[in-house]
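Student: Quick note: the sequence shown uses the numbering used here, first residue 4, plus one each step.
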Amino acid sequence: METANAAKDQTPAGIEDVVRSVRELARSTRTVGLDAANIVERELAMVISISERIRDTTLSPEILHKSRSKPLPAALRRDAHRALDLVADVASVAFVSASDFVEALLDERRPALSVTAAPHHH
């Protein structure tokens with residue numbers, strides 16, 4: 004019974020309350036998403052570092068230098084680096100553009116809704 008009375012005493016949520024709640028949810032979701040992305044990046048960097056150490060302890064510097072200096076492997080290595088840079092650039096631009104869009108959407112001021120009187124029926 005107390006719950007029913009408490010519900011009656013509450014002011015109904017207006018559109019601004021709903022928009023404010025959605026903005027806060029989106030900001031929280033964005034923060035969680037950025038935290039997750041930072042964790043993935045940190046873990047990827049760690050995996051790369053470990054892989055480089057394994058490579059450096061299992062392969063001699065001489066064989067690496069020799070294999071990297073041959074024309075075809077050297078060209079493939081350069082092309083792979085360039086392709087990876089392109090993918091990283093496109094992903095970075097998409098991430099920044101999406102973040103900017105969400106930020107602008109969340110911060111955009113909305114005009115107040117005009118309240119008009121209900122039409123009179125005769």
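From the three backbone atoms N, C-alpha and C, an ideal C-beta is built for every residue, glycine too.
Quick check: the segment 21-32 against the segment 81-97, are there 3 or more CB pairs under 8 Å?
Tutor: Flag = no, the segment 21-32 and the segment 81-97 do not touch.
Student: Taking just the CA atoms, how far does ASN41 sit from ALA29?
Tutor: Spanning the two alpha carbons is a distance of roughly 18 Å.
Student: Measuring straight from C-alpha to C-alpha, what distance separates SER70 and LEU37?
Tutor: Approximately 39 Å between the Cα atoms of the pair.
Student: Where does GLU111 fall in DSSP's three states?
Tutor: If DSSP states are grouped into helix, strand and coil, GLU111 belongs with coil.
Student: Sorted by chain position, which residues of the same chain lie with C-beta nearer than 7 Å to THR60's C-beta, five sequence neighbours on each side aside?
Tutor: Around THR60: no qualifying Cβ.
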